[in-house]
Amino acid sequence: MKYLFFIASVFFVASCSISQTYSTTNKKAIKLFEDALQAPNLTIDPVRRTPNFRAGIDLAEKALEKDPRFVEAHLLAAEYYENYREFDQAIKHYEVALGINPNHSSTGSTYFYLGNAQFLVGNYNGALKNMEIYVANRNANPQMLREANTIMNKADFAIQSMANPSKFNPVNVGPGINTKDPEYFPTITVDGKTILFTRRLKDPNAMMGMQEDFYVSKSKDGKTWETAVPMPGNINTSNNEGAPTISADGRSLIFVACSDETGKDYGPGREGRGSCDLFYTKRLGTKWLDPVNLPGRVNTFSWESQPSLSADGKTLYFVRRVSKPGELPNSDIFVSQLQEDGTWGVAKPLPNTINTPYLEESVLIHPDGKTLYFASQGHVGLGGSDLFVSRMDKNGNWGKAVNLGYPINTQYDENSLMVSPTGEIAFFASDREGGYGDLDIYYFELPESLRPTRTVYFDGTVYDATNRLPLAGKFELLDIETGEQVIVSEADKVTGQFMVSLPVNREYALNVTYPGYLFFSQNFNMTLADNQDAFHMDVPLVPINEEIPVSLNNVFFDLAKATLRPESHVELNKLVDFLVKNPALKIEIGGHTDTRGDDKANLILSQDRANSVVQYLISKGIDAKRLTAKGYGETKTKISDADIADLTSEKEKEAAHQQNRRTEYKIIK
Numbered sequence: 001m002k003y004l005f006f007i008a009s010v011f012f013v014a015s016c017s018i019s020q021t022y023s024t025t026n027k028k029a030i031k032l033f034e035d036a037l038q039a040p041n042l043t044i045d046p047v048r049r050t051p052n053f054r055a056g057i058d059l060a061e062k063a064l065e066k067d068p069r070f071v072e073a074h075l076l077a078a079e080y081y082e083n084y085r086e087f088d089q090a091i092k093h094y095e096v097a098l099g100i101n102p103n104h105s106s107t108g109s110t111y112f113y114l115g116n117a118q119f120l121v122g123n124y125n126g127a128l129k130n131m132e133i134y135v136a137n138r139n140a141n142p143q144m145l146r147e148a149n150t151i152m153n154k155a156d157f158a159i160q161s162m163a164n165p166s167k168f169n170p171v172n173v174g175p176g177i178n179t180k181d182p183e184y185f186p187t188i189t190v191d192g193k194t195i196l197f198t199r200r201l202k203d204p205n206a207m208m209g210m211q212e213d214f215y216v217s218k219s220k221d222g223k224t225w226e227t228a229v230p231m232p233g234n235i236n237t238s239n240n241e242g243a244p245t246i247s248a249d250g251r252s253l254i255f256v257a258c259s260d261e262t263g264k265d266y267g268p269g270r271e272g273r274g275s276c277d278l279f280y281t282k283r284l285g286t287k288w289l290d291p292v293n294l295p296g297r298v299n300t301f302s303w304e305s306q307p308s309l310s311a312d313g314k315t316l317y318f319v320r321r322v323s324k325p326g327e328l329p330n331s332d333i334f335v336s337q338l339q340e341d342g343t344w345g346v347a348k349p350l351p352n353t354i355n356t357p358y359l360e361e362s363v364l365i366h367p368d369g370k371t372l373y374f375a376s377q378g379h380v381g382l383g384g385s386d387l388f389v390s391r392m393d394k395n396g397n398w399g400k401a402v403n404l405g406y407p408i409n410t411q412y413d414e415n416s417l418m419v420s421p422t423g424e425i426a427f428f429a430s431d432r433e434g435g436y437g438d439l440d441i442y443y444f445e446l447p448e449s450l451r452p453t454r455t456v457y458f459d460g461t462v463y464d465a466t467n468r469l470p471l472a473g474k475f476e477l478l479d480i481e482t483g484e485q486v487i488v489s490e491a492d493k494v495t496g497q498f499m500v501s502l503p504v505n506r507e508y509a510l511n512v513t514y515p516g517y518l519f520f521s522q523n524f525n526m527t528l529a530d531n532q533d534a535f536h537m538d539v540p541l542v543p544i545n546e547e548i549p550v551s552l553n554n555v556f557f558d559l560a561k562a563t564l565r566p567e568s569h570v571e572l573n574k575l576v577d578f579l580v581k582n583p584a585l586k587i588e589i590g591g592h593t594d595t596r597g598d599d600k601a602n603l604i605l606s607q608d609r610a611n612s613v614v615q616y617l618i619s620k621g622i623d624a625k626r627l628t629a630k631g632y633g634e635t636k637t638k639i640s641d642a643d644i645a646d647l648t649s650e651k652e653k654e655a656a657h658q659q660n661r662r663t664e665y666k667i668i669k
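The end of the sequence shown is residue 669 by UniProt numbering, with every number in the run present.
Structural data, given as structure tokens:
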């Protein structure tokens, strides 16, 4: 709807230029008014680098000094004030014009513009009243009539929403991040200790006199933030950069970079495809590599911006400017999938449960992968851009957009929502009163009904088991119950560290591989206390030339039986792949039990289980001559009975027995 004011102004100027009949006969007032009509196109606003409507306002106000009942001058002043979002001033002039002559327009358009301005300042009852007058006019413009009905629906919703407010106590994140300049589009790492955001700075040499860069701030407690510093010079340039999205491990960054006035220069060493493009960079240790245009088919000659990367790194949501036949230019939310070759596939717009004919922006896919937050001017809201949430159903379809309600949303613009991995805290940008200036970043406790599935971060280090040197191991996380591949990634090449975000209350299998090493496996249940937000695991990898047994922690058997359970196949297939890639290796499969039960029975059970694993490997094409099965029974426990007896809880004791019940493999030389 923001475009409607400009178009209305154009029509108003054109109609006044054609018609010489005014509501005044004062020649000086008419001369000033006609000068006001032309003024915006004669000079440029020195701040905004747009037509100088301020000069037109000054002349229109002078015309009104000559004749305060000059209706056309009131209407022109109101239109110009709207271009600066000074709606209170516009309302004053509309009301005066209607007071002078309620019927000055045969279409009743002034009632529409007054109602719209009232809606945008939060006077919802006034907006309803004047829109009702407008829609009753037989000569109402069809397009504006549709707008009027939309505004009436929004005003009704706003009145109901304000009558049932949610608990909301936004807290400014403070001067470490916020300044007199606009700050927005925050993104936060899954450990909650690093935040990146966009800041718009005054720059007389830039288009529109403003220039965007992005900044980073760190926190030890997630509440007090250090003074933000700009990202390195190979990322921030004299052009516009911002709206970053960071991968769950904090090592991959996708952000927006825009061209200069020529439409060709995106910054040193960068190539773009048009307007603003998405760029990609990766961190090795502490150094960010030079960004490159996002590979694949996301960027076009249009404007792409505001990316949001899923926790598994496979799905990218972003905003693209669109222009549909018969509609005003706006932006929609698109989605692209990562291809097997590492490029991004053709982007598709989200369905109309998300996108509308109006503006959608500021998209966020939560780490749970099922909850989407975004800003929209098209869905029913309280004015400006409101924040919404949509949830994906079991069939992968996005549900109806739900307004986050009052007072999270107001008559002002709200956008840039960032929800923490736990779902308890949300960050957003707002130009509400009481900030440091313009848009500031705030945080608040998100109402439970609006929260996503709780996720926590899982981190660790991959290293050589013999010398503890870090390794860039490739790791895969699977949901044991469903077999779904949740995450595939690599540890940092310099530090060996990894960090991912995972939904809680699920059981996971972890597999880690690296050339020249035996693969590592583990399983764990991500059931954490409400105040716990992290799960840590170190991953020691054994070199192939070492005869050190490695546990197959994701191989499972039925109780007291040697029958492999189906969920074991994923891990055993990893072992098959390892043996295929290393055809000269021979291995022993070792079966182990705990000390409970009969010694002889345990020995037989362990041998039978080792045999079951060997038979599975043979069925997958591995030569039987390379395989040995050996049952050890309870003779090689990891944790002794004496140590188990010293444990304080039955849960700890059972976990210790479980470590003794295991299947291992080791290299035979």
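Backbone N, C-alpha and C define an ideal beta-carbon position, used for all residues, glycine too.
Rounded to whole angstroms, the gap between the alpha carbons of T343 and N293 is 11 Å.
Excluding residues up to 5 positions away in sequence, V555, F556, F557, L572, S612, V613 and Y616 lie with their Cβ nearer than 8 Å to the Cβ of L564 in the same chain. A contact is defined here as three or more CB-CB pairs under 8 Å, and the segment 242 to 260 meets this definition with respect to the segment 496 to 509.
Approximately 18 Å separates the beta-carbon atoms of N523 and A534; this is outside 8 Å, ruling out the contact. Taking 4 residues as the shortest admissible run, the UniProt domain "OmpA-like" (544 to 669) contains the following complete alpha helix (DSSP H) segments, listed from N- to C-terminal end: 569 to 581, 599 to 619, 641 to 646 and 650 to 660. Check the Cα spacing between T179 and each of D464, A136 and A228: the tightest is with A228. Approximately 18 Å separates the beta-carbon atoms of G516 and P549; this is outside 8 Å, ruling out the contact. DSSP, reduced to helix, strand and coil, places D332 within a strand of the structure shown. The beta carbon of T353 sits closer than 7 Å to the beta carbons of S390, W398, G399, K400 and A401 from its chain, once the five residues preceding and following it are set aside; these are given in chain order.
By a beta-carbon distance limit of 8 Å, G423 contacts P452. Their separation comes to about 5 Å. Distance check between T595 and each of E588, S568, R609 and T637 places T637 closest, using alpha-carbon atoms only. DSSP places Y124 outside any beta strand (DSSP E); the residue lies instead in the alpha helix (DSSP H), whose first and last residues are Y124 to V135.
Between the segment 407 to 424 and the segment 366 to 376, the count of Cβ pairs shorter than 8 Å is three or higher; the stretches touch. Only residues of its own chain outside the window of five on either side were considered, and among them R200, L201, K202 and D203 have a CB closer than 8 Å to the CB of M210, listed in chain order. The three-state reading of DSSP puts G56 in helix, counting H, G and I together. Listed in chain order, the non-local C-beta contacts of K630 below 8 Å within the same chain comprise E588, I589, G590, G591, Q607 and A610, local neighbours out to five positions each way being set aside.
A contact between stretches requires three or more CB pairs, one per stretch, nearer than 8 Å, and the segment 22 to 29 meets this requirement with the segment 70 to 87.
F475 and T461 have their alpha carbons spaced roughly 11 Å apart.
Taken through DSSP and simplified to helix, strand or coil, T466 comes out as coil. One Cα belongs to G383, the other to G263, and the distance between them is close to 33 Å. Fewer than three Cβ pairs drawn from the segment 429 to 439 and the segment 212 to 224 lie within less than 8 Å of each other, which leaves the two stretches out of contact.
Per the DSSP secondary-structure output, H93 pairs with nothing in a beta bridge.
Ranked by Cα distance from D45, the options F33, A60 and N83 are led by N83.
Y266 and N234 have their C-alpha atoms roughly 12 Å apart. With fewer than 16 other Cβ atoms from the protein chains shown falling within 10 Å of its own Cβ, L284 counts as exposed.
The alpha carbon of V216 has as its nearest neighbour, out of F185, Y463, S238 and N239, the alpha carbon of F185. Excluding five sequence positions before and after Q306, the CB atoms of its chain that fall closer than 8 Å to its own CB belong to F185, A243, V256, F318, V319, E361, S362 and V363, given in chain order. In the DSSP assignment, no residue is bridged to K62. In the same chain as S385, and ignoring 5 residues on each side of it, the C-beta atoms closer than 8 Å to its own belong to L359, E361, S362, A375, S376, Q377, D413, E414 and N415, in chain order.
With fewer than 16 neighbouring CB atoms inside 10 Å of its own CB, S619 falls in the exposed class. Excluding the 5 residues flanking it on each side, I480 has same chain C-beta neighbours closer than 6 Å at E507, A509 and E567, in chain order. Under the three-state reduction of DSSP output, K223 falls in the coil class, being neither helix nor strand.
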